[in-house]
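Scroll down for the structure; my scribbles are underneath it.
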Amino acid sequence: MIILGIDPGLRVTGFGLIESDGRRAGYIASGCIRNTGTELPRRLRIIYEGVQELIERYRPREAAIENVFMQRNASSALKLGQARGAAICAMVVQGLPVHEYTPTQIKQSVVGTGAADKEQVRHMVCALLKLRG
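In the working numbering, each number is its position in the sequence shown, counted from 1, plus 1.
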């Protein structure tokens with residue numbers, strides 16, 4: 002089964018695709034949807050269309066997205082929520098089941114501790130998917 006993972010952001014939305022049989026996971030693709038729009042509606046459209054394109058190209062059966070966590074700046078949290086909404090809409094329109102996970106849950110499942118830093122997560126993702134970097 003192919004799974005699409007999304008790390009939403011208004012400027013850069015990260016994505017990763019893996020194939021999993023429930024015991025092992027294999028790398029398919031990863032990258033970013035880079036946003037060049039300056040107006041919010043245009044940025045949301047770019048995210049929506051970028052996620053749609055990924056779904057059409059790779060045909061995942063399930064999707065996961067990072068859940069909003071409280072940020073220091075309420076305006077930033079609202080904008081992140083809108084980016085998530087654009088990505089979720091793209092997935093739901095394509096009929097994908099969407100699972101939401103907090104950053105702590107993601108770190109816990111990948112590294113074994115919810116307090117892991119980005120370098121630890123990167124290292125474990127590379128190890129689990131047998132990637133060089």
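For every residue, glycine included, the Cβ atom is placed at its ideal position computed from N, Cα and C.
The secondary-structure analysis by DSSP pairs R35 across a beta bridge with V13. Per DSSP, the continuous alpha helix (DSSP H) segment holding V112 begins and ends at 104-112. Using a C-beta cut-off of 8 angstroms, the stretch 5-14 makes contact with the stretch 55-73, since at least three inter-stretch Cβ pairs fall below that distance. In this structure, V69 places its C-beta atom within 8 angstroms of the C-beta atom of A78.
The three-state reading of DSSP puts E40 in coil, since its state is none of H, G, I, E or B. Three or more beta-carbon pairs separated by less than 8 angstroms link the stretch 32-47 to the stretch 10-22, which places the two stretches in contact.
Pairing I19 with G27 gives a Cβ-Cβ distance under 8 angstroms. The continuous beta strand (DSSP E) containing L5 extends over residues 3-8.
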